[in-house]
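Those sequence lines, one after another, are chains W and E.
So that you can map any letter, position 311 of the first sequence is 311 in my numbering, and since no number is skipped, the others follow by simple counting.
So that you can map any letter, position 194 of the second sequence is 194 in my numbering, and since no number is skipped, the others follow by simple counting.
For every residue, glycine included, the Cβ atom is placed at its ideal position computed from N, Cα and C.
Below: the structure, in structure tokens.
There are 2 protein chains.
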Amino acid sequence: MGEQQDREWTGEAMTQLFHAKKGEVTAVMRRVAEREKISAELVRDEVALGRLVIPANINHKNLDPQGIGSAVTCKINTNIGGSAVRSGADEELKKLELCLNLGSDAVMDLTVGPHIAEIRQTLLDHCPAPLGTVPIYEAIERAGTCEALTADLLFTCIEEQARQGVDFMTVHAGLLREHIPMAKERLCGIVSRGGSLTATWMLHHQRQNPLFEEFDRLLDLCRQYDVTLSLGDGLRPGCLADASDASQFAELKTLGDLVRRCRAADVQVMVEGPGHVPFDQIEMNMKKEQEWCDEAPFYILGPVVTDIAPGYDHITSAIGATMGAFHGASMLCYVTPREHLGLPTQQDVRQGVIAYKIADHAADVAKHRPGARERDDALSKARANFDWDQVFELSLDPHRARMMHEESHVSKDDIKADYCSMCGPKYCAMKLSNAVKAAK
Amino acid sequence: MGEQQDREWTGEAMTQLFHAKKGEVTAVMRRVAEREKISAELVRDEVALGRLVIPANINHKNLDPQGIGSAVTCKINTNIGGSAVRSGADEELKKLELCLNLGSDAVMDLTVGPHIAEIRQTLLDHCPAPLGTVPIYEAIERAGTCEALTADLLFTCIEEQARQGVDFMTVHAGLLREHIPMAKERLCGIVSRGGSLTATWMLHHQRQNPLFEEFDRLLDLCRQYDVTLSLGDGLRPGCLADASDASQFAELKTLGDLVRRCRAADVQVMVEGPGHVPFDQIEMNMKKEQEWCDEAPFYILGPVVTDIAPGYDHITSAIGATMGAFHGASMLCYVTPREHLGLPTQQDVRQGVIAYKIADHAADVAKHRPGARERDDALSKARANFDWDQVFELSLDPHRARMMHEESHVSKDDIKADYCSMCGPKYCAMKLSNAVKAAK
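The structure is reproduced here in structure tokens:
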């Protein structure tokens with residue numbers, strides 16, 4: 001980023017949305033256009049409509065901006081961060097490097113427990129991708145307990161994180177007091193961490209959600225640093241039985257109202273989505289968000305399409321994520337095999353990121369994004385030519401593909417052969433097919 | 001199976017289809033009805049229409065029959081079998097036990113190389129699930145080369161396998177000489193093993209496909225032992241670029257004609273499907289098969305929805321398989337992580353079977369199959385109650401779920417705790433949510 005001048009704070013709204021509405025193309029927009037191979041004017045127009053967001057805090061100096069929205073390729077986000085029980089800055093930094101190397105487009109630091117600010121600073125210093133947080137985690141850590149949290153402390157944390165350079169923040173501003181009784185009917189209740197903390201606070205204080213009550217205060221902070229708001233779905237379903245219920249959709253309605261307030265205030269905004277959703281309800285969920293939230297980019301978590309596969313939720317959720325992206329979701333929050341069971345290890349992060357690279361790419365291909373299928377075709381051509389090195393190089397995980405191929409062979413000579421151990425030399429379809437092609 | 005009498009050969013057509021057309025309910029149909037919790041009369045009517053098949057060779061004495069079709073739950077098939085390069089009867093028997101334990105509904109023995117008949121006998125002796133084969137593999141093994149194969153030898157192998165008790169056979173009878181020029185245009189050509197062998201044979205001999213030319217001879221054999229024909233898609237696409245092309249659909253049209261001939265001859269029949277298909281073309285592919293093949297059960301391989309993830313094709317294909325099953329496929333042929341790279345190990349078989357149990361279950365839930373969601377709800381309830389043992393027990397892979405949970409904990413006491421290391425005790429959403437539920 002050579003051109004930072006248009007991201008400096010000058011005392012008034014200087015968000016990408018502000019510029020776009022005025023018809024200006026910023027350096028940030030130009031970079032997104034370059035990455036997406038579309039025109040900068042299209043980027044600007046989409047940002048102006050609010051259908052595209054570019055989380056780019058003016059203080060995140062090493063940022064290489066990413067666009068998130070229906071006009072660009074689907075993105076994936078990797079959640080990292082330690083919990084009170086496990087992990088520290090070093091381990092999280094390794095996860096950061098790993099997920100960026102594997103192609104993650106955005107990263108959220110979900111650290112809870114001590115050392116939150118320190119881990120976040122370390123990650124920001126090393127993260128060219130947009131970095132997101134859930135500020136209520138730090139606020140509660142500093143308050144000591146959920147109940148001791150005050151609105152002022154929460155806003156202090158938000159302001160400090162914004163000044164530090166956080167690009168997007170999940171705020172559960174649409175979870176209202178009046179939604180809680182609906183959620184009590186559920187099989188799994190409130191499974192969003194931020195959502196359950198917010199509900200606990202509201203019940204204890206018998207007060208409305210402070211982020212909702214003082215939403216304009218939040219908007220002022222976001223406008224100052226160009227923090228993109230990610231409106232959290234505190235009432236996202238935590239099991240198939242709770243999907244698409246009254247409480248989920250009551251909150252979504254509120255999120256739609258908040259989207260309109262963000263846009264009026266020149267604050268970039270996206271909306272977060274479920275969760276656990278049966279496969280047949282995914283399209284409907286995507287359409288409802290588009291309708292109720294005026295096409296704000298939808299940032300979905302999975303959804304997992306069955307509850308019965310703990311240990312494999314990167315798969316259950318990649319299925320849902322592909323369907324969601326196909327029907328309009330703009331960013332997919334990855335899920336690892338260890339979801340529901342524990343904090344992911346580096347190996348889990350790898351599995352999760354690859355599963356989501358598959359989901360977002362499959363959706364981009366299915367939506368006929370220009371050039372999306374080029375890599376598939378190149379790899380398939382290499383496959384037909386037995387150019388194994390090229391096959392591995394074009395793979396999402398070259399190391400694993402190469403390893404699996406090598407360990408399946410009985411001799412070193414086999415590795416370069418024009419067949420693999422799956423069929424053996426005599427029954428290799430590709431080999432036979434090449435002969436058929438060559439025949440008259 | 002206490003009641004075998006209605007499966008004995010008495011010199012005339014005694015297939016399940018024959019009985020169903022006459023309005024008879026057989027012991028086999030009753031068993032399928034019991035497993036599916038539907039009436040035996042419905043099973044009979046669906047079999048009579050050809051929308052449901054029950055592969056049940058009269059000589060597979062230890063068979064516990066399974067129904068495959070749109071009226072019953074979605075099934076998965078596991079391919080096992082050695083290749084010339086690797087594996088023998090012992091290793092394949094271990095894979096058989098593993099895939100049956102994990103819930104595979106059908107098994108195909110795809111052994112090539114020596115010991116085909118011996119491995120098949122071993123598997124049949126230990127397999128209560130319907131067992132399928134691709135007879136051309138044995139025929140070519142016995143002929144020595146593809147070119148030396150004769151029609152008589154192929155039919156001899158089919159007859160011997162039928163007598164041995166094979167329940168369903170993949171025959172590439174719909175791949176015609178005139179289709180080959182179309183397939184030459186493809187990026188990856190003919191990637192079906194049986195398809196490429198058949199094409200090679202036709203080109204060499206300058207003759208039509210003998211299975212097509214002598215299809216009535218094939219029907220006579222199948223009728224005698226109640227072998228269900230699985231009409232192979234020799235021209236299934238092997239990469240996204242080749243999907244839904246002229247050659248694929250030319251063969252599918254022919255398969256539709258063969259379906260009608262099977263039914264007229266009282267032979268049960270299903271149709272095999274792709275392969276590699278972009279996500280947006282899957283629904284169309286399912287609908288076309290239903291239309292052109294008069295709703296014959298569609299048995300699909302994946303499809304994988306991107307070519308760029310070798311090493312993870314159990315995931316790329318589980319995504320496509322879920323979509324396919326949702327839109328009407330009746331059986332899903334599993335794909336392992338080692339697809340395209342080598343012969344699967346036991347660990348690969350495990351990964352593949354679980355991925356497909358996820359896909360078929362997710363589709364059954366999405367199609368609102370009665371009772372399909374019960375296990376999800378039970379597991380989610382256990383999850384909300386921190387009944388970890390119950391969570392593991394209801395999981396598709398209890399061993400892995402338990403292991404991942406245990407290794408994520410710092411102390412033994414933690415394992416039974418009402419939180420997990422993902423959030424730690426203070427931020428556990430489930431725990432907080434339970435308190436919210438309990439509050440007034």
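- In summary, the residues of the stretch 271-290 of chain W whose CB is separated from some CB of chain E by less than 7 Å are Pro278, Phe279, Asp280, in the order they occur in the chain.
- For Lys75(E), the enclosing beta strand (DSSP E) stretches over residues 75-80.
- The beta carbon of Leu93(W) is closer than 8 Å to those of Thr122, Leu123, His126 in its chain, skipping five residues each way along the sequence.
- For Ala151(E), the closest C-alpha among the options Leu218(E), Ile116(E), Met14(E) is that of Leu218(E).
- Lys357(W) and His399(E) have their alpha carbons spaced roughly 27 Å apart.
- Nearest to Ala401(E) by alpha-carbon distance, out of Leu240(W), Asp397(W), Arg338(W), Tyr427(W), is Arg338(W).
- Just so you know, the alpha carbons of Asn101(E) and Asp64(E) end up roughly 14 Å apart.
- Remark: C-beta atoms of Ile282(E) and Met331(E) do not approach each other more closely than 7 Å.
- Between the stretch 95-109 of chain W and the stretch 132-141 of chain W, the count of Cβ pairs shorter than 8 Å is three or higher; the stretches touch.
- Per the C-alpha coordinates, the member of Ala264(W), Thr26(W), Ile54(W) positioned closest to Asp167(W) is Ile54(W).
- As the crow flies, the alpha-carbon of Gln208(E) is around 9 Å from that of Ala199(E).
- If the five residues before and after Leu379(E) are omitted, its C-beta is found closer than 8 Å to the C-beta atoms of Gln390, Val391, Leu394, Ser395, all from its own chain and listed in chain order.
- The C-beta separation of Leu341(W) from His405(E) comes to about 4 Å, placing the pair in contact by the 8 Å criterion.
- At a cut-off of 7 Å between C-beta atoms, Arg177(W) does not count as an interface residue with respect to chain E.
- At a Cβ-Cβ threshold of 7 Å, Gly275(E) and Pro237(E) count as neighbours.
- For the 7 Å CB-CB criterion, Thr306(E) and Asp45(W) do not form a contact.
- Contact note: Val166(E) does not reach chain W at a C-beta cutoff of 9 Å; the least C-beta distance is about 19 Å.
- With respect to the 7 Å criterion, Leu432(W) and Ser192(E) are not classified as neighbours on the basis of their beta carbons.
- Of the residues assessed, Pro297(E) falls on the buried side of the cut-off, its CB having 16 or more other CB atoms within 10 angstroms.
- Annotation note: the stretch 212-264 of chain W contains the following uninterrupted alpha helix (DSSP H) runs of length 4 or greater, listed N- to C-terminal: 215-225, 246-264.
- Contact annotation: Gly232(E) and Gln290(E) have beta-carbon atoms that are not nearer than 7 Å.
- Counted as a single uninterrupted DSSP element, the beta strand (DSSP E) harbouring Ala106(W) occupies residues 106-109.
- Listed along the chain, the chain E residues whose CB falls inside 7 Å of the CB of Val335(W) amount to none; the nearest CB is some 11 Å away.
- The residues Val53, Pro55, Phe168, Gln268, in chain order, have a CB closer than 6 Å to that of Thr228(E) in the same chain once the five nearest residues on each side in sequence are set aside.
- A straight line joining the alpha-carbon of Gly50(W) with that of Gln248(E) spans about 43 Å.
- Counting only unbroken stretches of 3 or more residues, the beta strand (DSSP E) elements lying wholly within the stretch 86-172 of chain W are 106-109, 131-133, 168-171, in sequence order.
- The shortest C-alpha to C-alpha distance from Met284(W) to any of Asp245(W), Glu159(W), Cys157(W), Leu203(W) is the one to Asp245(W).
- Bridge partners of Val25(W) according to DSSP: none are assigned.
- Counting only the Cα atoms, His204(W) lies some 12 Å from Ile180(W).
- In this structure, the straight-line span from the alpha carbon of Ala439(E) to that of Thr145(W) is close to 18 Å.
- When Cβ-Cβ separations below 7 Å define contact, Leu211(W) makes no contact with chain E.
- Among the residues of chain W, those whose CB is under 9 Å from the CB of Arg400(E) are Pro310, Gly311, Tyr312, Pro337, following chain order.
- Taking the Cβ atoms as the reference, Ala359(W) lies roughly 6 Å from Ala325(W), within the contact range of under 8 Å.
- Taking the Cα positions, Glu36(W) is about 14 Å away from Val365(W).
- Identification of chain W residues near Ser192(E) by a Cβ-Cβ cut-off of 7 Å yields Ala429, ordered along the chain.
- With 16 or more other Cβ atoms from the protein chains shown falling within 10 Å of its own Cβ, Glu295(W) counts as buried.
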